[in-house]
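All residue numbers for the sequence shown refer to our numbering, where the first residue is 5 and numbers rise by one.
Yeah, the Cβ is synthetic: ideal placement off N, Cα and C, and Gly gets one too.
Report on the structure given below.
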Amino acid sequence: MRLLIFVLTLILFNAIGFGQKPYFQNKKFTLKDSLRGSLRPERTCYDVINYDLNIKVELEEKTIMGFVKVNFVAKEDFEWLQIDLDSTLNIYKIDYNQIELKYTRIGDAIFVQFPKIKKGHQHFFRVYWSGKIREAKNAPWDGGFVWDKDANGNHWVGVACEGDGASIWWPCKDHLSDEPDSMSISISVPNGYQAISNGNLISETNFGDSHTKFTWNVSYPINTYNVTMYIGKYEHFRDVYTAADGEKLALDYYVLPENLSKAKKHFEQVKGMLACYEKYLDKYPFWNDGFALVEAPYLGMEHQSAIAYGNKYKRGYLGGRNPKGIDFDYIIIHESGHEYFGNSVSCSDHAEMWLHESFTTYLESVYVECTYSYDEMLRYINNQRFQIFNSEPIVGPKDVNYLDGQDNYFKGSWILHTLRNVIDDDAKWWAMFKGFYLQQKLKITTTEDFIRYVNKYTGNDFGAFFEQYLFNADIPTLEYQIEPLDKDSISVRYRWKADVSDFAMPVKVGNKKKYLTIYPKVGEWQSEKIACSIDDFSVAEELYLINTEIFRD
């Protein structure tokens, strides 16, 4: 009866739209969305401390079986909790304290009945499961396993599940708000194959039954969607990065044998990248677990300390996208950037995925400025403008597992670029950028955390700025009129057109050689005399994410 009431309540909430912001009120969300996205008492009642994941993979049959030991602490008294697993997979037992537990499945959600558990109680339960994992049609954008073959006909397997969630292949509390503090991952594969996963390889055990078990250990908090495995016949080579303080970081590379020589040359860019990220943020955040690139049968993914690499050893994005002369591998630079924003600084809801993708996309520009120059950074980031669509607000609806829109990447990067130029003090900007990362590293983070930090650090209220750029789809438009005064000066009338009535962002205009800062307001005409000819006048659109419009009476 309790579960029936629970389901009916969720259906009712779906019908009334969850009180979302106006833009999303007409979006249709399903019971499945709510079960994955919401933080009901059956989820908040417990905190996962550690997962001990044990799986066996049959390559010919394309199946897995195994169990996961979930170590938890009770945050409240409870009798029921929720764990998640794809409905196509079989559960054949859940046990706790040597007792087999009863459970009910509603789609991909599993509601498990426990004896009465008291707040503060620390224990574990195990879930045993098996099945044929969904195959990804277009990894990493479509979640699932990729069952491929290398050039020699050997099995080559990977998995990617961001958005779809780790529960498409293993049982877990599949919500971004709860990361285990550590994790053990044991993968048994047919002899002759290697199983690569996150963290450090602890042991390799051959049981004499035609399978070998590889056990890996993760010693830091980890998003469940970042838990991964790669199966293949790999060549392994190692390098070392030396930090500014002299500390050594192991760099492990797992590549297909036919690509070994090109990988050794191509991956040399990793050390320069790590030096740039260390300069502007901090040392690599998962130091004790090492840094690894693993060749994968799909483009790439930011799997923590075991990044999927599939860019075919080309510059840019599969050989394209980067402006001429800016020669780095997009997958290496971008996915490694996620170790800072996404894996270390992590959001609690897919609605705030901009904290992962926008910051990491911005790190590409940081890398270009660090490696090349400020002017090359401007050229690189301005090359992203055509990929901004302003199709919906950056921050989406919460509690419904909503993840959509390319604007999380390039628009969000441009919002940070704009903020830098509004602050207009690079020493302050870089100190703030680094300070926010240091404050939030290895933590769950929200949009409000960032806004509060910016306001406090700058001593200014950026509420209207973020309301416009994050919570509205459109970007502000600078409307202006120009009137010549003489051959060397003009009068400029200007105002903002924006959704947020108190939006009042400064912007630079005039001759590019010596811009003047003006302070437009929404709907209120102001004027400024500028020492500039009409032909030389421009708005610094290379610095701000804005539209411009010459106003005609």
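Give, in chain order, every unbroken run of the alpha helix (DSSP H) that is at least 4 residues long and sits entirely within the stretch 372-417. Within the stretch 372-417, the complete alpha helix (DSSP H) runs of at least 4 residues are 378-386.
Cys176 by DSSP, collapsed to three states: which one? Cys176: strand per DSSP, three-state reduction.
Answer with buried or exposed for Gly314, where buried requires no fewer than 16 other C-beta atoms within 10 angstroms of its C-beta. By the 10 Å Cβ count, Gly314 comes out buried.
Around the C-beta of Phe76, are 16 or more other C-beta atoms found within 10 angstroms, so that it is buried, or is it exposed? Under this definition Phe76 is a buried residue.
By a C-beta neighbour count over all protein chains shown, 10 Å radius and 16 as the cutoff for buried, is Asn405 buried or exposed? It is buried - the Cβ of Asn405 has at least 16 other Cβ atoms within 10 Å.
Val222, DSSP secondary structure in three states: Strand, per DSSP.
To which residues does DSSP link His125 through a beta bridge? Beta-bridge partners assigned by DSSP to His125: none are found.
Looking only at C-alpha atoms, which of Asp506, Tyr473, Lys533 and Val513 sits nearest to Lys491? Closest by C-alpha distance to Lys491, out of Asp506, Tyr473, Lys533 and Val513, is Lys533.
Tell me which residues share the same chain as Cys176 and place their Cβ nearer than 6 Å to its Cβ, disregarding the 5 neighbours each side in the sequence. Its chain contains Ala170 and Thr228 as the residues whose beta carbon lies nearer than 6 Å to that of Cys176, once the 5 sequence neighbours on both sides are disregarded; these appear in chain order.
Pairwise C-alpha distance: Val193 and Glu452: Each residue's Cα considered, the two are about 44 Å apart.
Do Leu482 and Val511 have their C-beta atoms within less than 8 Å of each other? Result yes, Cβ atoms of Leu482 and Val511 sit closer than 8 Å.
Alpha-carbon to alpha-carbon, Ile494 and Ala535: Here the alpha carbons of Ile494 and Ala535 stand approximately 7 Å from one another.
List the endpoints of the continuous beta strand (DSSP E) containing Gly463. The continuous stretches of beta strand (DSSP E) do not include Gly463, and DSSP gives it neither H nor E.
In angstroms with no decimal places, state the Cα-to-Cα distance between Ala164 and Pro119. So the alpha carbons of these two residues sit roughly 35 Å apart.
Rounding to the nearest angstrom, what Cα-Cα distance links Asn564 and Ile448 in this structure? Past the edges of the chain, shown from 5 to 557, lies residue 564, and the structure says nothing about it.
Nearest CA to the CA of Ile419: which residue from Tyr461, Asn476, Tyr378 and Leu407? With distances taken between Cα atoms, Ile419 lies closest to Asn476.
Please classify Ser201 as buried or exposed, where buried requires at least 16 neighbouring CB atoms within 10 angstroms. With 16 or more other Cβ atoms within 10 Å, it is buried.
With Glu553 as the anchor, note down where its beta strand (DSSP E) starts and where it stops. Run containing Glu553: Asn551 to Ile554, per the beta strand (DSSP E) assignment.
Buried versus exposed, by CB contacts within 10 Å (16 or more), Thr92: Flag for Thr92 reads exposed.
Nearest to Leu359 by CA position, among Gly416, Phe332 and Ile392, is which residue? Closest option to Leu359, Cα to Cα, is Gly416.
Comparing alpha-carbon positions, which option in Met357, Ser223, Tyr224 and Gly196 lies nearest Gly212? The shortest CA-to-CA distance from Gly212 to any of Met357, Ser223, Tyr224 and Gly196 is the one to Gly196.
Can you tell me which of Gly167, Gly514 and Met233 puts its alpha carbon nearest to the alpha carbon of Ile191? Closest in C-alpha terms to Ile191, from the list Gly167, Gly514 and Met233, comes Met233.
Measure the alpha-carbon distance for Asp243 versus Tyr281 and round it to whole angstroms. For Asp243 and Tyr281, the distance between alpha carbons rounds to 18 Å.
Scan the stretch 520-555 and note each continuous beta strand (DSSP E) run of 3 residues or more that stays entirely inside, going in chain order. As far as the stretch 520-555 is concerned, its whole beta strand (DSSP E) runs of at least 3 residues are 530-534, 541-543 and 551-554.
Give a yes or no on contact between the stretch 219-227 and the stretch 83-101, applying the rule of three or more CB pairs nearer than 8 Å. At 8 Å Cβ cutoff, the stretches do not touch.
Can you say whether Glu208 is buried or exposed, counting buried as having 16 or more other CB atoms within 10 angstroms of its CB? Glu208 counts as exposed, since fewer than 16 other beta carbons sit within 10 angstroms of its beta carbon.
Is it true that the CB of Leu297 sits closer than 8 Å to the CB of Ile336? Less than 8 Å divides the Cβ of Ile336 from the Cβ of Leu297.
Mind listing, in chain order, the continuous beta strand (DSSP E) runs of no fewer than 3 residues lying wholly within the stretch 60-135? With a minimum length of 3 residues, the continuous beta strand (DSSP E) runs that stay inside the stretch 60-135 are 67-78, 82-88, 94-100, 106-110, 113-121 and 126-135.
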